[in-house]
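Undergrad: Letter 26 of the sequence shown, counting from 1, is numbered 26 in full-length UniProt numbering, and no numbers are missing.
Would you mind keeping the following structure in view while I ask a few things?
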Amino acid sequence: MASTDVELDVREEAPKDRHSLIFSTFAALEPGTAFVLVNDHDPKPLRYQLEAENAGEFTWEYLEEGPDVWRVRIGRTAA
């Protein structure tokens, strides 16, 4: 994780609010920057949604894979 990566911990957020918070964080990224998502489950469905809506514009790197905490570095590769 780069020292400038912001950590977004959504474990305490209401499930209905998580995706909008994550997508607004992603939308605010400048090309070449990233944030680290911290979640209480594997956010694989989020990855599928990102692929559908932002194909080729993001990177996805698991930093920690459960069982209680998942950390994923999500970066922006294109404007």
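Beta carbons: idealized from backbone N, C-alpha and C, even for Gly.
All values reported here derive from a predicted model rather than from experimental measurement.
Jot down the residue ranges of each uninterrupted beta strand (DSSP E) in the stretch 27-60, minimum 3 residues, whole runs only, in chain order.
TA: Correct list: 34-39.
Undergrad: To the nearest angstrom, how far is it from the Cα of residue 68 to the Cα of residue 40?
TA: In a straight line, the C-alpha of residue 68 is about 6 Å away from that of residue 40.
Undergrad: Spatial neighbours of residue 60 within its chain, please: CB distance less than 7 Å, with the 5 preceding and 5 following residues excluded, ordered by chain position.
TA: Cβ neighbours of residue 60 beyond the five flanking positions: 47, 72, 74.
Undergrad: Which residues does DSSP list as the beta-bridge partners of residue 66?
TA: Paired residues: none, contrary to the question.
Undergrad: List the endpoints of the continuous beta strand (DSSP E) containing residue 5.
TA: Counting along the chain, residue 5 falls outside any beta strand (DSSP E), and DSSP gives it neither H nor E.
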